[in-house]
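Here's the structure, in structure tokens; my notes come after.
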Amino acid sequence: MSSTLALAHSRQLSSIFYKYVTVASLVIFVYDYFHTLGLERKHVWKANGMAGKVLFFLNRYPPFVDVSLAAFYYLNRGLSSESCSALVMVIVWMTFVGILMSEAYCFYVISFIYDIDGSPPQDGILGCYDTEDRDVFFVVFVLLLLNETAISLVFILLITTTPGYEINQLILDFYASYIVSWGRI
310 MSSTLALAHS RQLSSIFYKY VTVASLVIFV YDYFHTLGLE RKHVWKANGM AGKVLFFLNR
370 YPPFVDVSLA AFYYLNRGLS SESCSALVMV IVWMTFVGIL MSEAYCFYVI SFIYDIDGSP
430 PQDGILGCYD TEDRDVFFVV FVLLLLNETA ISLVFILLIT TTPGYEINQL ILDFYASYIV
490 SWGRI
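Following the working numbering, the residues of the sequence shown are numbered contiguously, the last one being 494.
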């Protein structure tokens, strides 16, 4: 009896924790937006070049929809099974597209700084700044990209080649957590 009560109490604490973490995440997300908006207006909106702006905006603004949907998912417990499944699919696909856009933007920025040689950014800042050997950054980026692609392909292969295989909610939650974890790196 006490283990059942402890489990119920644990679930209640977990639910409260998720609600507070979700609200705190929203507050930090909105704070970050307003905190960096001035720099965005100064450096991005007035900058020349359309490709960089498009990639920047595709990274900057869709997360407002994604974060709002994720908050709705975590804070709303009255959804039907069909609505919940549809919401999870939208969140997973938006996260996937967001990661693709982030990697595209990263690759775009790397393509500009790859051939730049120069001195460290400022004297007096502690630390070491390697301004000469950038091949390692590109190689690591490509290896991470290949690794993520391979993991995604294995997952897709598992789904498409296993007869009678059905994606259950646990698999979706695991893969969504995996995608979100990768997006935080």
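All residues carry an ideal CB built from backbone N, CA and C; glycine is no exception.
The DSSP-derived three-state label of residue 388 is coil. If you draw a straight line from the Cα of residue 452 to the Cα of residue 470, it comes to about 26 Å. The beta-carbon distance between residue 335 and residue 380, rounded to whole angstroms, is 6 Å. This is short enough to meet the 8 Å contact definition. Look at residue 472 here: in three-state DSSP terms it is coil, with no helix or strand label.
Secondary structure of residue 417 (DSSP, three-state): helix. By the criterion of at least three beta-carbon pairs nearer than 8 Å, the segment 367 to 385 is in contact with the segment 409 to 421. Between the C-alpha atoms of residue 351 and residue 337 there is a straight-line separation of about 22 Å.
CA-CA distance, residue 397 to residue 388, rounds to 11 Å.
For residue 369, the enclosing alpha helix (DSSP H) covers residues 359 to 369.
With a 10 Å radius around the Cβ and a threshold of 16 neighbouring Cβ atoms, residue 327 comes out exposed. In the three-state reduction of the DSSP assignment, residue 379 falls in the helix class.
Closest in C-alpha terms to residue 377, from the list 459, 400, 325, 361, comes 400. Of all alpha-carbon atoms in 417, 466, 454, the one lying nearest the alpha-carbon of residue 360 is that of 417.
Linking residue 346 to residue 354 through their CA atoms gives a straight-line distance of about 10 Å.
Residue 342 and residue 383 have their C-alpha atoms some 22 Å from each other.
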